[in-house]
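Notes follow the structure.
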Amino acid sequence: MMDCNEIKIFIHKVLDGILLNETEYLEKYKEEYNELFSHMEKCLSCSYEYNSYLKILKFLKNLKVSLPSNFDSKIHQALLKMHQKDSKPYIPVNTVTTQKGGMFSMINSDKLKKFIHDNRSYIISTGIHLLLLLLFLNIVVMQQTLTTPTFITKIITNKPIEIKKQEIEIKREEQRPDAGSEGLEGLKGGGMSSPKLQQQLMIKQAQVKQINKVFTPIQNLRTQVRDIFVPKTQIAVKETKIRSDFRVPMQPKTQITSPISGSITRPTSQQTGTRNTEGMNVPGNYSDSGRPDGSPSGTGIGEQKGGTTGRGGGTGIGFNPFGTGTGSGNQGSGPGAGRRGLGGGLSGTGTGPGSGPGISIAPGGGQGTAVVGSAVSSQSGPVVTNAPSAIDTTSVANRQVTYKPNAPIGSRENPITEINILVEFNGETLFTHDFYLAYPENRLLIRNARFARSEVIRLGPYAVPPEQFLFYWHITANQWGLDRGVPLYQTIYTTDAQQVRIRKVSENVIQYKLEDMPLDVIRQMNNPKEPDYDDVIITIVYKGAAQ
Amino acid sequence: MEEKQLILLAQQGDIQAFEELIKRYKDNIFNLAFLKVLDKNVAEDLAQESIIRIFEKIKLFDFKGSFSSWVYKVTYNTILKSVQKKFKVENISIEDTEILNTTEVQSIEEKIIHQQIFKKLLKLISQLPEELQIVLILHDIQGVKYEEISEILDINIGTVKSRLFNARKTLKQLCEKENLLDWLK
Chain A
1 MMDCNEIKIF IHKVLDGILL NETEYLEKYK EEYNELFSHM EKCLSCSYEY NSYLKILKFL
61 KNLKVSLPSN FDSKIHQALL KMHQKDSKPY IPVNTVTTQK GGMFSMINSD KLKKFIHDNR
121 SYIISTGIHL LLLLLFLNIV VMQQTLTTPT FITKIITNKP IEIKKQEIEI KREEQRPDAG
181 SEGLEGLKGG GMSSPKLQQQ LMIKQAQVKQ INKVFTPIQN LRTQVRDIFV PKTQIAVKET
241 KIRSDFRVPM QPKTQITSPI SGSITRPTSQ QTGTRNTEGM NVPGNYSDSG RPDGSPSGTG
301 IGEQKGGTTG RGGGTGIGFN PFGTGTGSGN QGSGPGAGRR GLGGGLSGTG TGPGSGPGIS
361 IAPGGGQGTA VVGSAVSSQS GPVVTNAPSA IDTTSVANRQ VTYKPNAPIG SRENPITEIN
421 ILVEFNGETL FTHDFYLAYP ENRLLIRNAR FARSEVIRLG PYAVPPEQFL FYWHITANQW
481 GLDRGVPLYQ TIYTTDAQQV RIRKVSENVI QYKLEDMPLD VIRQMNNPKE PDYDDVIITI
541 VYKGAAQ
Chain B
1001 MEEKQLILLA QQGDIQAFEE LIKRYKDNIF NLAFLKVLDK NVAEDLAQES IIRIFEKIKL
1061 FDFKGSFSSW VYKVTYNTIL KSVQKKFKVE NISIEDTEIL NTTEVQSIEE KIIHQQIFKK
1121 LLKLISQLPE ELQIVLILHD IQGVKYEEIS EILDINIGTV KSRLFNARKT LKQLCEKENL
1181 LDWLK
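These protein sequences, in sequence, are chains A and B.
Residue numbering for the first sequence follows this note's numbering, starting at 1 and increasing by one per position.
Residue numbering for the second sequence follows this note's numbering, starting at 1001 and increasing by one per position.
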């Protein structure tokens, strides 16, 4: 029986067999394989381990990147260029193989090169031995004044050797009693040699000098031996680098030049007393009659698509906590909704009072702090009898709802209950990007997207279409690290058309791409670049209750 | 034509034979380059460089080992040299890369999610130490066998196995840290 540690090692063998589709392999370990599975039925830890590896490896196995277009032709051109630049003439293979006596043909030259390459260790070894032998002989010749063998002398000097002439035998003549000793000294001696002897001695001396000239002791042994053994032409295949003209120029990267569709433009003001059902309507849940409240001036949802009921005179949905908007109050069509808006806007100038009932979904997180404006007119706006339906989460929970699998996601029949978030982070690592859900509830989803955490979040159920979900990034920039005029804190909503690109992938998948550097900062930079909208890419899969 | 014949012809300078030969390996060469640099343009450049180098060196191939191992070896060495000299992997975005998926993906939605997961996985793989990373790429992505990896990297099979074990373990830990396992099916 294998224990957990052994099983965890054996898992890899099984995975190898599965991944390589080696049935023989699995047959070989059949017993262990059965044991593994019976073990995993009892042991959750090993089962988790096995399944995790299997998931990862199945994905990896399918990982392939498509070849770029024209890859083959580029390779072909590069090969041709290289061949043309080659100094050797191109001889077709057929002619090379049929050549007779191809001693100097390309193929033989290649064979020679190959032979030398294959046996280079032997050649080097032989060379070293020969070198040592020569060195030894040289020492012997120099130190013991032995005659250098002719062939060695030839090798060393690389010059023709004159054959040593036979020494002439000098016959001794009778000398006068006052004559000195014979030989060279005799000339200097006390007596005179005979003229004939003197002449013979001179000849001998000249011959000795001549022989000495022919034998040259080794001067620079290493150089000379190298000259002998290293061929004049380079034999080894030289490593060549690809010249720049062989390379095919790189294709420029594609850049996003136009905004991706789906972004929402932001009107700066709203029409009085009109209702626009296209908007992301967030009615309030307070039925408040005609208070002359100033409308909030934030740039939140409510300001996106015109006026709605429920935003009438109330402190509604100011998303921007700094309240930079300039909206004017509604003409009282609203029910004074949104007292608990998602953010605190600054006050606007109310023109209320509004009237009429409102229904709220409004689990807004922020505290609206609108300041009451002064009433300009008491004229009431049109009463909206058919307010956009939103769900009170508490009431939905208690109500019998029949879910329909084919119903559009985010509808009453298929409300959203889960979002799966996949984060890809490519941005500045000195920044921290916290990702929040703003609507239909306010909630931190991912703390610091730098670590690119992916999450599965349960929420709702909300009968809100995916495109009406609102998110925002709260970005903390490390100004000290960058000093590029980046605001220390900034909040960017997914409705910010300047900083965010939205791509609706399918009915229930939406991708949000963030450029975290403010565009005005980018423009002021020394080398302004196009925003790439890939600092944080968030893909959200919305899942409905009926799925 | 058999591979051996093609190699012999290529060794004699036959470009056509070489091209026929390299057709069988170009995908693996390009993919290996891509997995190392995570940039399609750079990978294309590297793959070209590797193929030219293979052509230059093919005369030295002595049929002692398998040709595919030899091709991988030349490619890997070329990539390593270039990466050390020129490219910094960590700054390269893989956003523009279309990753093929051989599994049967039904909808566009699934496809885009798969793409995102692949990219995340690639980034995690690039965080592995070099010696673990290459073994994982060769074995688990490219399907090269232990014996061949041993030839390519000049290490013994035991070392290959232990490196692969560590590579998988580290990658699994990274996936857990990133909550990526929930996304893998």
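For glycine and all other residues, C-beta sits at the position ideal for the given N, C-alpha and C.
Contact list for residue i against chain A, beta-carbon separation under 7 Å
{"i": "Trp-1070 (chain B)", "result": "Here the premise fails: no neighbours, minimum Cβ distance about 15 Å."}
{"i": "Asn-1031 (chain B)", "result": "Lys-64, Val-65"}
{"i": "Ser-1107 (chain B)", "result": "Ser-506"}
{"i": "Leu-1184 (chain B)", "result": "Lys-55, Ile-56, Phe-59"}
Per-residue contacts from residue i into chain A (C-beta, under 8 Å)
{"i": "Gln-1133 (chain B)", "result": "Here the premise fails: no neighbours, minimum Cβ distance about 12 Å."}
Beta-carbon proximity of residue i to residue j, cut-off 8 Å
{"i": "Tyr-462 (chain A)", "j": "Asn-508 (chain A)", "result": "no"}
{"i": "Glu-418 (chain A)", "j": "Ile-457 (chain A)", "result": "yes"}
{"i": "Leu-1080 (chain B)", "j": "Ile-1125 (chain B)", "result": "no"}
{"i": "Leu-1121 (chain B)", "j": "Leu-60 (chain A)", "result": "yes"}
{"i": "Phe-469 (chain A)", "j": "Tyr-493 (chain A)", "result": "no"}
{"i": "Asn-414 (chain A)", "j": "Lys-404 (chain A)", "result": "yes"}
{"i": "Ile-1054 (chain B)", "j": "Val-1071 (chain B)", "result": "yes"}
{"i": "Lys-64 (chain A)", "j": "Asn-1031 (chain B)", "result": "yes"}
{"i": "Gly-427 (chain A)", "j": "Val-536 (chain A)", "result": "yes"}
{"i": "Asp-520 (chain A)", "j": "Phe-431 (chain A)", "result": "no"}
{"i": "Ser-1168 (chain B)", "j": "Leu-1136 (chain B)", "result": "First, the residue type needs correcting, since residue 1168 (chain B) is Arg and not Ser in the sequence shown. A contact, by the Cβ cut-off of 8 Å."}
{"i": "Ala-407 (chain A)", "j": "Ala-546 (chain A)", "result": "yes"}
{"i": "Gly-460 (chain A)", "j": "Ile-416 (chain A)", "result": "yes"}
{"i": "Ala-561 (chain A)", "j": "Ile-1117 (chain B)", "result": "The question about residue 561 (chain A) has no answer here: the residues shown for chain A are numbered 1 through 547."}
{"i": "Phe-71 (chain A)", "j": "Glu-1044 (chain B)", "result": "yes"}
{"i": "Gln-1127 (chain B)", "j": "Leu-1180 (chain B)", "result": "no"}
Distance between beta carbons of residue j and residue i, contact taken as under 8 Å
{"i": "Ile-475 (chain A)", "j": "Gln-490 (chain A)", "result": "5 Å"}
{"i": "Thr-1075 (chain B)", "j": "Ile-1007 (chain B)", "result": "At roughly 16 Å, the Cβ-Cβ gap does not stay under 8 Å, so Thr-1075 (chain B) and Ile-1007 (chain B) are not in contact."}
{"i": "Arg-1163 (chain B)", "j": "Glu-1130 (chain B)", "result": "Between Glu-1130 (chain B) and Arg-1163 (chain B) the Cβ distance is about 11 Å, and since that is not below 8 Å, they are no contact."}
{"i": "Lys-529 (chain A)", "j": "Ile-522 (chain A)", "result": "7 Å"}
{"i": "Asp-1207 (chain B)", "j": "Leu-57 (chain A)", "result": "Past the boundaries of the shown model lies residue 1207 (chain B); chain B is included only from 1001 to 1185, so the question cannot be answered."}
{"i": "Leu-44 (chain A)", "j": "Leu-15 (chain A)", "result": "Contact flag wrong, Cβ pair sits at about 19 Å."}
{"i": "Phe-10 (chain A)", "j": "Met-2 (chain A)", "result": "6 Å"}
8 Å Cβ shell around residue i - same chain, five flanking residues per side excluded
{"i": "Ser-47 (chain A)", "result": "Met-40, Glu-41"}
{"i": "Gln-1142 (chain B)", "result": "Asn-1028, Asn-1031, Leu-1032"}
{"i": "His-76 (chain A)", "result": "none"}
{"i": "Val-500 (chain A)", "result": "Ser-263, Ile-492, Tyr-493, Thr-494, Tyr-512, Lys-513, Leu-514, Glu-515, Tyr-533"}
{"i": "Thr-402 (chain A)", "result": "Glu-413"}
Residues near residue i by beta carbon distance below 6 Å, same chain, minus five either side
{"i": "Gln-1011 (chain B)", "result": "Ile-1058, Lys-1059"}
{"i": "Phe-1165 (chain B)", "result": "none"}
{"i": "Ser-1069 (chain B)", "result": "Glu-1148, Glu-1151, Ile-1152"}
{"i": "Leu-1021 (chain B)", "result": "Leu-1006, Ala-1010"}
{"i": "Lys-1123 (chain B)", "result": "none"}
{"i": "Lys-1073 (chain B)", "result": "Ile-1152"}
{"i": "Lys-232 (chain A)", "result": "Any reading at Lys-232 (chain A) must be qualified, since the residue scores a pLDDT of 47, below 50, and its modelled position is unreliable; the value itself is stated next. Taken in chain order, the list of residues that qualify is empty."}
{"i": "Phe-1034 (chain B)", "result": "Ala-1043"}
Beta-carbon proximity list for residue i, same chain, < 7 Å, skipping 5 on both sides
{"i": "Trp-480 (chain A)", "result": "The pLDDT assigned to Trp-480 (chain A) is 46, lower than 50, so where the model puts this residue is not dependable, and the model offers no usable value."}
{"i": "Val-505 (chain A)", "result": "Gln-511"}
{"i": "Pro-92 (chain A)", "result": "Annotation note: pLDDT 41 at Pro-92 (chain A) (below 50); position unreliable, coordinate value reported separately. There are no such residues."}
{"i": "Gln-234 (chain A)", "result": "Only weak support exists for where Gln-234 (chain A) lies, its pLDDT of 44 falling under 50; the coordinates are left without a value."}
{"i": "Ser-1082 (chain B)", "result": "Leu-1046, Glu-1049"}
{"i": "Leu-445 (chain A)", "result": "Ile-421, Phe-435, Tyr-436, Leu-437, Glu-455, Ile-457"}
{"i": "Lys-8 (chain A)", "result": "Cys-46, Glu-49"}
Under 9 Å from the C-beta of residue i: neighbouring residues of chain A
{"i": "Leu-1021 (chain B)", "result": "Ordered by position in chain A, no residue passes the 9 Å Cβ test against Leu-1021 (chain B), which lies about 12 Å from the chain."}
{"i": "Leu-1121 (chain B)", "result": "Ile-56, Phe-59, Leu-60, Leu-63"}
{"i": "Phe-1067 (chain B)", "result": "Simply none; closest approach about 16 Å."}
Contact list for residue i against chain B, beta-carbon separation under 8 Å
{"i": "Thr-539 (chain A)", "result": "Ile-1112, Ile-1113, Gln-1116"}
{"i": "Val-509 (chain A)", "result": "Glu-1109, Ile-1112, Ile-1113"}
{"i": "His-433 (chain A)", "result": "Those do not exist, as His-433 (chain A) stays about 15 Å from chain B at its closest Cβ, beyond 8 Å."}
{"i": "Met-2 (chain A)", "result": "Near Met-2 (chain A) there are no residues of chain B at all, since even the closest Cβ is about 16 Å away, more than 8 Å."}
{"i": "His-83 (chain A)", "result": "Gly-1013, Ile-1015"}
Closer than 7 Å at the beta carbon, the chain B residues around residue i
{"i": "Glu-424 (chain A)", "result": "Gln-1116, Lys-1119, Lys-1120"}
Chain-ordered neighbours of residue i on chain B, where CB pairs are closer than 9 Å
{"i": "Asp-118 (chain A)", "result": "Asp-1062"}
{"i": "His-12 (chain A)", "result": "Lys-1161, Leu-1164, Phe-1165, Arg-1168"}
*Selection of the segment 1171-1182 of chain B by Cβ proximity to chain A, strictly under 9 Å*: Going along the segment 1171-1182 of chain B in chain order, one finds Leu-1171, Lys-1172, Cys-1175, Glu-1176, Lys-1177, Glu-1178, Asn-1179, Leu-1180, Leu-1181, Asp-1182 with a Cβ nearer than 9 Å to chain A.
*Report the residues of the segment 68-80 of chain A with a CB closer than 9 Å to any CB of chain B, ordered along the chain.*
Of all residues in the segment 68-80 of chain A, those with a C-beta nearer than 9 Å to a C-beta of chain B are Pro-68, Phe-71, Asp-72, Lys-74, Ile-75, His-76, Ala-78, Leu-79, Leu-80, reading in chain order.
*asked:* For the segment 27-56 of chain A, list every residue whose C-beta sits within 7 Å of some C-beta in chain B, in sequence order.
replied: Within the segment 27-56 of chain A, the qualifying residues are Ser-52, Tyr-53, Lys-55, Ile-56.
*With 7 Å as the limit, tell me which residues of the segment 1150-1173 of chain B have their beta carbon closer than that to any beta carbon of chain A; keep them in chain order.*
Residues of the segment 1150-1173 of chain B whose Cβ lies closer than 7 Å to any Cβ of chain A, in chain order: Phe-1165, Arg-1168, Leu-1171, Lys-1172.
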